[in-house]
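Student:
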Amino acid sequence: MVRLTIDKMLKDRGITRYELAKRTEIKFQTIDRYYKNRVIRYDSYILDRICAVLECNVSDIMEYVKDEEK
Numbered sequence: 927m928v929r930l931t932i933d934k935m936l937k938d939r940g941i942t943r944y945e946l947a948k949r950t951e952i953k954f955q956t957i958d959r960y961y962k963n964r965v966i967r968y969d970s971y972i973l974d975r976i977c978a979v980l981e982c983n984v985s986d987i988m989e990y991v992k993d994e995e996k
């Protein structure tokens, strides 16, 4: 599964979700879903805006975690 790590990036940089929403010009509710990792389909435009504002790569805010076999 792909997991977003925006929460860690924001904490490291001392930026709030509200501030990220303002800087990216993306609705707070959308940023909040990405922050809480409640996104099913990732929007490349949103990821691009987040990376541009945070000056990072997509790989810095996403990670792949192997699903546990049942």
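Residue numbers (the numbering used here): 927 to 996.
For each residue, glycine too, the CB sits at the ideal point set by N, CA and C.
1. Quickly, what does DSSP pair R929 with across the bridge? List them, please.
2. Is the CB-CB distance between M927 and V984 below 8 Å?
3. Using a Cβ-Cβ cut-off of 8 Å (strictly less than) and excluding sequence neighbours within five positions of K996, which residues of its own chain qualify?
4. Please report how far the alpha carbon of R975 lies from the alpha carbon of R939, in whole angstroms.
5. Please check the pair R943 and I957, which I expect to be a contact at CB under 8 Å, by giving their CB distance rounded to whole angstroms.
6. Between which two residues does the alpha helix (DSSP H) containing R964 stretch?
Tutor: If we stick to the structure as given:
1. In the sequence shown, counting from the first residue as 1, residue 929 sits at position 3. BP columns for R929 point to E989.
2. In the sequence shown, the residue the question calls residue 927 occupies position 1. In the sequence shown, the residue the question calls residue 984 occupies position 58. Contact: no.
3. If you number the sequence shown from 1, residue 996 lands on position 70. Confidence at K996 is low in this model, with a pLDDT of 49, below 50, so the placement of that residue is unreliable and no value is reported for it.
4. Residue mapping note: residue 975 aligns to position 49 of the sequence shown, counting from 1. Residue mapping note: residue 939 aligns to position 13 of the sequence shown, counting from 1. About 16 Å.
5. The count along the sequence shown starts at 1 and reaches residue 943 at position 17. The count along the sequence shown starts at 1 and reaches residue 957 at position 31. With a Cβ gap of about 5 Å, R943 and I957 count as contacting.
6. Counted from its first residue, the sequence shown places residue 964 at position 38. No alpha helix (DSSP H) contains R964, which DSSP labels as neither H nor E.
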